[in-house]
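Visitor:
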Amino acid sequence: MRTRALSEEQRKAILALAAAPVRCSEFRADFFNAWNASELQRRVSGCVNAGYICGNDGSPIQQ
Numbered sequence: 402m403r404t405r406a407l408s409e410e411q412r413k414a415i416l417a418l419a420a421a422p423v424r425c426s427e428f429r430a431d432f433f434n435a436w437n438a439s440e441l442q443r444r445v446s447g448c449v450n451a452g453y454i455c456g457n458d459g460s461p462i463q464q
């Protein structure tokens, strides 16, 4: 890991940014559904709704 001292100008810029009178009233999140719909339905029905703990292959391993 490398570190270096900031110049006076860099420190002032960071302080100005940190002290800027801006309110954050907006948040954002992205969701990407990459599941095959039929496989997802199989796992929800066979694991979640049935009350099983399932393995990586979607087969029940524990109730």
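Anchor point for the sequence shown: position 11 equals 412 in my numbering, and the numbering is continuous, going up by one each time. Even for Gly, the Cβ is constructed at its ideal location relative to N, Cα and C. Keep in mind that this is a model prediction, so the values were computed, not measured.
#1: In chain order, what residues of the same chain lie with their CB nearer than 8 Å to the CB of I415, ignoring the 5 residues before and after it?
#2: Using CA atoms only, rank isn't needed, just tell me which of R444, A430, S439 and V449 is closest to D458.
#3: What first and last residue would you give for the alpha helix (DSSP H) that runs through E440?
Guide: The relevant details are as follows:
#1: Looking up residue 415 in the sequence shown gives position 14. Closer than 8 Å at the Cβ level, and outside the excluded window around I415, lie L407.
#2: Counted from its first residue, the sequence shown places residue 458 at position 57. The shortest CA-to-CA distance from D458 to any of R444, A430, S439 and V449 is the one to R444.
#3: Indexing the sequence shown from 1 puts residue 440 at position 39. DSSP places E440 inside the alpha helix (DSSP H), whose first and last residues are A438 to R444.
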